[in-house]
Each structure stands twice: as C-alpha cells, then as structure tokens.
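Take the sequence shown: its letter number 58 is residue 90 in the working numbering, and every next letter is one higher.
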Amino acid sequence: MTIKWNREEILFDTLYEADTWADSIANEIYGRIYNGYDTPDYKIAYSLAFRLASIKECRVYTENSIEGRYKVWVIFEIE
C-alpha cells in the first residue's frame with residue numbers, strides 16, 4: 033500500500049490547540065484525502081493517533097524519526 037502523506041511544519045504551544053488541529057486532520061484521513069500525517073509537533077501526533085485509534089476500521093501506525101519528525105498513518109481494514 034502506498035501512503036499519501038500530508039507533511040506540515042506547524043507547531044502549537046498547547047495540547048488543546050494541537051488536539052483541535054488533530055481533530056480536523058482525523059476527519060481528512062477518515063475521508064480518505066490522505067492516509068498519513070508527518071509533523072514536527074509531538075502533540076499533534078499524540079492527539080491524532082488517539083483520535084484515529086477510536087475508529088473501529090483503522091489500524092494506526094506511528095513512527096518517531098531521528099530528525100525530530102513524528103509520523104502517524106493508517107490502514108483501513110474495510111476499504
């Protein structure tokens with residue numbers, strides 16, 4: 033499976049802001065606009081992973097690179 037990434041550089045000061053942002057990203061991933069998100073902000077990755085994990089059809093994967101980037105991607109079990 034090829035992952036279509038959305039890579040952004042935004043950083044938030046609070047977990048609340050990051051979670052609000054992650055909510056919109058989760059909707060875009062659930063809508064199949066893309067299936068991976070790449071960010072330098074651990075708060076966004078954290079919130080996004082938990083939001084996506086609550087979707088029954090999603091299998092969520094995460095990765096932390098040595099460059100300080102955080103990746104969250106999904107594979108839908110029902111395509």
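Where is the CB? At the ideal position from N, CA and C, for every residue including glycine.
(message) Is the beta carbon of Val92 closer than 8 angstroms to that of Ala81?
(response) Yes, they are a contact pair.
(message) Report the start-end ranges of each alpha helix (DSSP H) in the region 35 to 69 that is 4 residues or longer and not cut off at the edges.
(response) DSSP assignment within the region 35 to 69 yields the following whole alpha helix (DSSP H) runs of 4 residues or more, N-terminal first: 47 to 62.
(message) My output table needs one value for Arg91: the three-state DSSP class, helix, strand or coil.
(response) In the three-state reduction of the DSSP assignment, Arg91 falls in the strand class, which pools E and B.
(request) Please determine, among Tyr102, Asn59 and Gly68, the residue with the shortest C-alpha to C-alpha distance to Ser86. (result) With distances taken between CA atoms, Ser86 lies nearest to Asn59 out of Tyr102, Asn59 and Gly68.
(request) Please classify Ile107: does DSSP put it in a helix, a strand, or coil? (result) DSSP places Ile107 in the strand class (E or B) of the three-state scheme.
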